[in-house]
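Residue numbering for the sequence shown follows our numbering, starting at 6 and increasing by one per position. We put the CB at the ideal spot given by N, CA and C, even for glycine. To start, the structure itself, in structure tokens.
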Amino acid sequence: MSNSVPSAEARSLVRQALENAADQRRFESRRNACPLLTKLGCLPSCLDGILIDSGPSVFHSLAFRMATYNGESLFRRWEQLLSQAYEAEGWECEYSNWNSEQDHWAKKWNKFNQFLWMLQCYEYFADKGGNVSFPYSKTKAKPDIHVKYGDGSELYVECYHYTKWWGTEQLVEGLLSALDQNLHIERMHNLTYDNNRFADNPDEAVIEVLAKLRGHLNPDRLADLREQARIETPVEVCELGEFVVLLDGSGTYSARPNRHGDPNDSWPVFRDEILRSKFESNGLPNHKPNLLLVNCLGTDFQTSLNENSEVSSLPSSLDEVWFCTCGIDDKIETSRRLRVHKPSC
6 MSNSVPSAEA RSLVRQALEN AADQRRFESR RNACPLLTKL GCLPSCLDGI
56 LIDSGPSVFH SLAFRMATYN GESLFRRWEQ LLSQAYEAEG WECEYSNWNS
106 EQDHWAKKWN KFNQFLWMLQ CYEYFADKGG NVSFPYSKTK AKPDIHVKYG
156 DGSELYVECY HYTKWWGTEQ LVEGLLSALD QNLHIERMHN LTYDNNRFAD
206 NPDEAVIEVL AKLRGHLNPD RLADLREQAR IETPVEVCEL GEFVVLLDGS
256 GTYSARPNRH GDPNDSWPVF RDEILRSKFE SNGLPNHKPN LLLVNCLGTD
306 FQTSLNENSE VSSLPSSLDE VWFCTCGIDD KIETSRRLRV HKPSC
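Written out as structure tokens, the structure reads:
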């Protein structure tokens, strides 16, 4: 099957979700209320522009959210985050790394999460009274953020949004909700599946997932599934790798088996992957003191972090690491955090 076929099927699913849940007046109102988000997010002027005919993405992820999500506070918060960082020293150079046509933060679902996390990190240190700047350089590796304090001390911060499956899970959840409020996705565990594909090839994986969903969620089959859910609920729609799609209804509830893995086994894997991936990233060994500020979302990690707190040692290149679970509408200040310091001599 050529890539053009699954891309067309994926766009068809998104088109169906937009027809069900998008609102042109709401979209225009949010564009007008958030001028910086509109400008930097390269938002289309109408709903027709949300679908992308060519390139690595099949739809504009920020525009999809603005056209379908309920509630205004989320978009006002994103506008505020952008406004704060937009005035910072080094912003122009840093932003050039995020707004290329083929890899734009607002168009790609996974890229959006990474960009938002950097803004949340900037907010945290700015609110704490630091003079925060972006030291990005095209010729020399540097951490994402530099913080100077009034007493002359300084800190270099590397912002890392760690995820394997969570970005794809979030995307599918949003699309399912737009298609039908009773549709949702559930993770399965202890299955043989290559999770890394969702991290290493997010666009390809998303297109494949949406194309598969399209085959299971045509209007006729959805009508049949709703009838089944009136008898017994939830109804299993399909499996997608380590995910299962479910439809709720008014029927007799049938409990599903708990397939979650053991957090005691998961935590060392997450911790070691994070440290191994970032301990020499962006010149951290040469910029001291430094902090690796990690955002980790998804059921597995959050369960693991709540039940585990041991990190025996840090690589010599890292002075401190924070493991956080900070949502897209949350602040680092109020999110769950595990702070790991290097022992003092």
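- Inter-segment contact for the segment 281-297 and the segment 325-338 is present: three or more beta-carbon pairs are separated by less than 8 Å.
- Distance between residue 76 and residue 111, taken at the CA atoms: about 19 Å.
- DSSP places residue 151 in the strand class (E or B) of the three-state scheme.
- DSSP, read as helix, strand or coil, puts residue 136 in strand.
- Under DSSP, residue 248 takes part in a beta bridge, and its partners are 192, 245.
- Inter-segment contact for the segment 180-188 and the segment 11-22 is present: three or more beta-carbon pairs are separated by less than 8 Å.
- Take the alpha-carbon of residue 211 and the one of residue 131: they are about 35 Å apart.
- For residue 91, the uninterrupted alpha helix (DSSP H) run begins and ends at 78-91, by DSSP.
- Within a 10 Å sphere around the beta-carbon of residue 346 sit fewer than 16 other beta-carbons, which makes this residue exposed.
- Taking the Cα positions, residue 133 is about 39 Å away from residue 63.
- According to the DSSP assignment, residue 33 belongs to the alpha helix (DSSP H) that extends over 29-38.
- Annotated three-state conformation of residue 141 is coil, per DSSP.
- DSSP lists 300 as the bridge partner or partners of residue 166.
- Per DSSP, residue 69 has no beta bridge partner at all.
- With 16 or more other CB atoms across the displayed protein chains lying within 10 angstroms of its CB, residue 165 is buried.
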